[in-house]
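Here our numbering runs 202 ahead of the position in the sequence shown, where the first position is 1.
Here is the structure we will look at.
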Amino acid sequence: MIDTLLSALGTLLSFQHLFYMLIGVSVGLLVGVIPGLGGIAGLSLLIPFLYGMNEISALAMLIGLVAVIPTSDTFASVLMGIPGSSASQATVLDGFPLARKGQAARALSAAFISSMAGGIFGAIILTGFVVIARPLILSFGSAELFMLALFGLSMVAVLAGRSLAKGLAACCIGLVIGAIGGAPATGEFRMIFGFDYLYDGIPLVIVGLGFFAVPEIADLLRRNSAIASGNALGSGWFQGLRDWWANVWLSMRCSGFGCIIGAIPGLGGSVVDWIAYGHAVQTVKKDPHFGQGDIRGVIAPESSNNAMQGGALLPTMLFGIPGSGSMAVFLGGMVLLGIQPGPSMVGTDLDITYSVIWSLALANVMGAGICLALAIPISKLTQVPFQRLAPFMIVLICFAAFQATRSLADLVALLALGVLGVLMKRFGWPRPALLIGYVLAPQAETYLYQALQFNGWDFVFRPGVIVIALMTLASIWFGLRNRVDEHGHVVPNADDAPDVPTFKAHLPQIGFAAAMAVLLVVALTDSLKHGFLAQVFPLSVSLVGLTMLVILIPQLARGKTGHHSHFDAELTGEHVGQEGVGNLWGGLVWIAGLVALTALIGFYAAMLVFFPIFLTVRAKAGPVMTGLMTAGVAGAILLLAWALALNFPSGVLQDAVDLPWPFR
203 MIDTLLSALG TLLSFQHLFY MLIGVSVGLL VGVIPGLGGI AGLSLLIPFL
253 YGMNEISALA MLIGLVAVIP TSDTFASVLM GIPGSSASQA TVLDGFPLAR
303 KGQAARALSA AFISSMAGGI FGAIILTGFV VIARPLILSF GSAELFMLAL
353 FGLSMVAVLA GRSLAKGLAA CCIGLVIGAI GGAPATGEFR MIFGFDYLYD
403 GIPLVIVGLG FFAVPEIADL LRRNSAIASG NALGSGWFQG LRDWWANVWL
453 SMRCSGFGCI IGAIPGLGGS VVDWIAYGHA VQTVKKDPHF GQGDIRGVIA
503 PESSNNAMQG GALLPTMLFG IPGSGSMAVF LGGMVLLGIQ PGPSMVGTDL
553 DITYSVIWSL ALANVMGAGI CLALAIPISK LTQVPFQRLA PFMIVLICFA
603 AFQATRSLAD LVALLALGVL GVLMKRFGWP RPALLIGYVL APQAETYLYQ
653 ALQFNGWDFV FRPGVIVIAL MTLASIWFGL RNRVDEHGHV VPNADDAPDV
703 PTFKAHLPQI GFAAAMAVLL VVALTDSLKH GFLAQVFPLS VSLVGLTMLV
753 ILIPQLARGK TGHHSHFDAE LTGEHVGQEG VGNLWGGLVW IAGLVALTAL
803 IGFYAAMLVF FPIFLTVRAK AGPVMTGLMT AGVAGAILLL AWALALNFPS
853 GVLQDAVDLP WPFR
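Have a look at this one:
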């Protein structure tokens with residue numbers, strides 16, 4: 203085993219693999235700097251580029267991104283007072299006050315060193331667990347793997363948000379989306395509705411970008427201002443290192459919390475930083491100033507959220523259960539590469555497992571070093587008005603989405619799921635719960651079919667199944683007591699949702715819930731057309747989802763003011779009443795415009811039209827700036843497509859005329 207560990211390190215240290223890791227780290231750095239995007243959107247951007255890549259290089263690239271986002275999202279938390287992702291919310295409490303005091307450099311350096319230490323600690327824990335758990339994992343069969351899939355789904359109880367009914371309904375919708383296409387047991391095609399595009403199901407990259415990247419871009423674009431207000435970095439880079447060393451045991455304890463919580467599927471970054479922050483508040487006795495600029499309030503959460511990545515990789519690789527929303531996308535990337543998560547990762551594919559572990563440790567060192575080196579220029583990027591960054595992100599997302607199946611339907615599906623994602627975010631429906639359901643749907647159905655085929659219903663009496671069933675019940679009990687809302691905060695027992703106490707104000711929510719009920723009824727009706735083995739999964743999921751909506755809709759209509767289900771960001775969000783806040787749908791209209799232009803004249807030509815129009819009309823940029831930015835993105839996309847041998851979507855008019863690449 204030591205030989206395998208050292209061999210994996212030797213393979214990873216080649217120039218090619220380090221280069222791809224650097225690409226992943228660089229993309230993760232860019233994604234992490236922009237508030238709200240996070241690892242799900244970043245990984246979804248990289249997945250289309252995995253086709254044909256070497257397994258180790260591709261995993262190094264993905265791990266590079268996963269490792270650096272909890273590091274780079276610190277920029278937004280410290281410099282802007284805006285959580286860069288759900289895993290950096292607690293950092294805001296003391297990081298931003300330190301920046302306002304002129305000690306941003308101290309806060310950033312302490313955060314980066316803590317992140318690096320936590321990431322390395324997570325890699326060490328992952329190494330030890332692989333050695334200890336190998337015999338146990340190799341004894342797992344289809345029955346145990348099915349129960350583990352149910353265990354992963356049980357974690358949706360934690361991610362269910364303020365309203366348990368919304369959370370479970372969202373998970374059921376994700377399971378239904380994941381069931382589109384061929385049934386594992388019979389090969390019957392479900393929920394196709396005459397569209398050839400749906401025969402293989404909706405690709406993971408489309409689901410990830412549609413539900414996470416599009417809503418966040420739409421939300422940021424409506425604010426006509428720079429991302430940051432431009433606080434000075436100040437001095438104190440070495441002071442931050444000394445602060446970390448003075449609190450090294452706090453950092454290690456919080457790293458341990460991160461590993462443990464990360465290994466619980468579905469919990470992950472939503473609460474790990476708050477648990478670490480709470481631990482720091484409870485244990486620090488010497489001159490505490492938490493909430494006012496205490497450096498220990500930065501060290502604790504930053505240590506835990508990077509260590510969490512190592513913990514989250516445990517159930518993802520070894521059991522095929524995503525340990526977080528980001529790990530759900532990472533799991534899909536492994537499948538695309540032909541790597542089957544599960545017992546083989548500690549057997550025939552042990553070298554791949556150790557390559558991931560080494561990648562995690564090296565990427566954390568690389569990411570922390572780059573963040574320290576680029577802190578000053580990156581801090582200036584946050585002062586750029588977001589409407590000037592948005593067209594780059596819109597073009598990149600559409601280009602990445604198209605690579606899923608190389609069909610224009612990819613862009614249409616992206617737009618449709620983006621609309622659904624925007625509405626889910628508005629009404630407080632937990633999108634991570636939907637993604638967990640989508641990713642686990644094929645595994646749950648496949649393992650259930652195999653367990654029944656090999657063991658019949660007697661599989662429920664296997665010792666491993668019973669143990670995991672008890673763990674599942676315990677996780678449901680824990681999850682119901684510790685649910686996390688749409689902002690990552692633990693939901694209190696009392697009803698306290700921000701609410702407008704009129705029935706008319708709740709009509710949009712009721713309408714959306716009714717639309718989701720129609721979606722589930724369509725899935726239920728379609729399932730009845732198939733044989734028993736093909737219908738049982740979507741039928742059961744649809745019935746559970748409809749039951750949740752039967753509970754939810756009366757709560758929305760008649761619930762008392764402040765009921766957990768009554769959340770509408772358009773009525774009670776932080777942006778309400780602020781000047782200069784645009785329409786909710788403005789960003790989606792621009793994305794729809796690029797998709798429509800692509801359908802007409804092809805992607806590259808559409809981009810050359812879209813960019814100057816957006817910059818002139820929306821960003822109010824001058825002609826010189828517009829020309830330079832358009833030329834820059836045109837060259838960058840062209841270089842990317844040429845280097846990776848990627849195609850551009852073609853349009854109706856473009857197909858009618860024989861044009862040279864890249865206009866074909």
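In this text, a Cβ means the ideal position worked out from N, Cα and C, and glycines have one as well.
Beta-bridge pairing of residue i - partner residues as DSSP gives them
i, result
"Gly-234", "Answer is none; Gly-234 lacks a bridge partner."
"Arg-392", "Gly-383"
N- and C-terminal bounds of the alpha helix (DSSP H) containing residue i
i, result
"Ser-557", "552 to 575"
"Trp-792", "788 to 803"
"Arg-498", "498 to 521"
"Arg-633", "633 to 657"
"Ala-719", "705 to 729"
"Gly-354", "344 to 356"
"Thr-607", "Premise fails: Thr-607 is in no alpha helix (DSSP H) and is neither H nor E."
"Met-263", "257 to 274"
"Pro-756", "734 to 760"
"Met-454", "450 to 464"
"Pro-417", "416 to 423"
"Ile-408", "406 to 410"
"Thr-763", "Neither: Thr-763 is in no alpha helix (DSSP H) and is coded neither H nor E."
"Leu-539", "It is not in any alpha helix (DSSP H) - Leu-539 carries neither H nor E in the DSSP assignment."
"Ala-883", "There is simply no residue 883 to check, as the chain begins at 203 and stops at 866 in what is shown."
For residue j and residue i, the rounded distance between their alpha carbons
i, j, result
"Gly-226", "Ser-557", "15 Å"
"Ser-344", "Ala-478", "36 Å"
"Pro-579", "Cys-573", "10 Å"
"Thr-749", "Val-743", "10 Å"
"Leu-799", "Ala-808", "5 Å"
"Leu-796", "Val-621", "15 Å"
"Ile-375", "Gly-639", "8 Å"
"Phe-739", "Gly-764", "35 Å"
"Gly-432", "Ile-501", "A caution first: Gly-432 carries a pLDDT of 49, below 50, which makes its placement in the model unreliable, though a value can still be read off. Answer to the nearest angstrom: the Cα atoms are 23 Å apart."
"Phe-459", "Ser-767", "31 Å"
"Ala-646", "Phe-348", "6 Å"
"Gly-321", "His-481", "19 Å"
"Ile-554", "Ala-843", "28 Å"
"Ala-643", "Leu-637", "10 Å"
"Ala-269", "Ala-759", "44 Å"
"Ala-716", "Gly-829", "46 Å"
"Phe-331", "Phe-217", "29 Å"
"Ile-753", "Thr-607", "38 Å"
"Val-474", "Ala-509", "10 Å"
"Leu-215", "Ala-565", "12 Å"
"Ala-891", "Ile-326", "Outside the shown range of the chain (203 to 866) lies residue 891, about which nothing can therefore be said."
"Asp-612", "Ser-453", "44 Å"
"Lys-487", "Val-723", "57 Å"
"Ile-194", "Leu-741", "The structure shown does not extend to residue 194, since the chain is modelled only from 203 to 866, so the question has no answer here."
"Cys-456", "Gly-230", "23 Å"
"Ser-677", "Leu-366", "15 Å"
"Leu-267", "Met-529", "12 Å"
"Val-567", "Ala-319", "9 Å"
Cβ shell of residue i (< 6 Å), same chain only, five flanking positions each side left out
i, result
"Thr-674", "Leu-352, Phe-353 and Ser-356"
"Ile-803", "Gly-853, Leu-855 and Gln-856"
"Ala-577", "Leu-310"
"Ile-497", "Ala-312 and Asp-445"
"Val-746", "Cys-374"
"Pro-593", "Phe-813 and Phe-816"
"Phe-323", "Ser-457 and Ala-509"
"Val-624", "Pro-417 and Ala-420"
Proximal residues to residue i (C-beta, below 7 Å), its chain only, five neighbours per side dropped
i, result
"Glu-772", "Arg-628 and Leu-786"
"Leu-406", "Ile-249, Val-531 and Gly-534"
"Val-826", "none"
"Thr-818", "Thr-828"
"Ile-712", "Ile-755, Leu-758 and Ala-759"
Own chain partners of residue i with C-beta closer than 8 Å, once the 5 adjacent residues on each side are dropped
i, result
"Ala-823", "Arg-590, Leu-817 and Met-831"
Evaluate the contact criterion for the segment 607 to 616 versus the segment 443 to 457: three or more CB pairs, one atom per stretch, below 8 Å.
In the pairwise beta carbon analysis, the segment 607 to 616 is classified as not touching the segment 443 to 457: fewer than three pairs are separated by under 8 Å.
With a threshold of 8 Å, are at least 3 pairs of Cβ atoms found where one atom belongs to the segment 725 to 739 and the other to the segment 385 to 398?
A contact exists between the segment 725 to 739 and the segment 385 to 398.
Using 8 Å as the cut-off, can you tell me whether the segment 300 to 307 makes contact with the segment 255 to 262, which would need three or more C-beta pairs spanning the two stretches below that distance?
Judged by pairs of C-beta atoms under 8 Å, the segment 300 to 307 does not touch the segment 255 to 262, as fewer than three such pairs exist.
Under 8 Å: do the segment 455 to 467 and the segment 510 to 524 share three or more Cβ pairs, one atom per stretch?
The segment 455 to 467 vs the segment 510 to 524: in contact.
Under 8 Å: do the segment 661 to 674 and the segment 397 to 415 share three or more Cβ pairs, one atom per stretch?
With a cut-off of 8 Å, the segment 397 to 415 and the segment 661 to 674 do not count as touching, because too few Cβ pairs lie within range.
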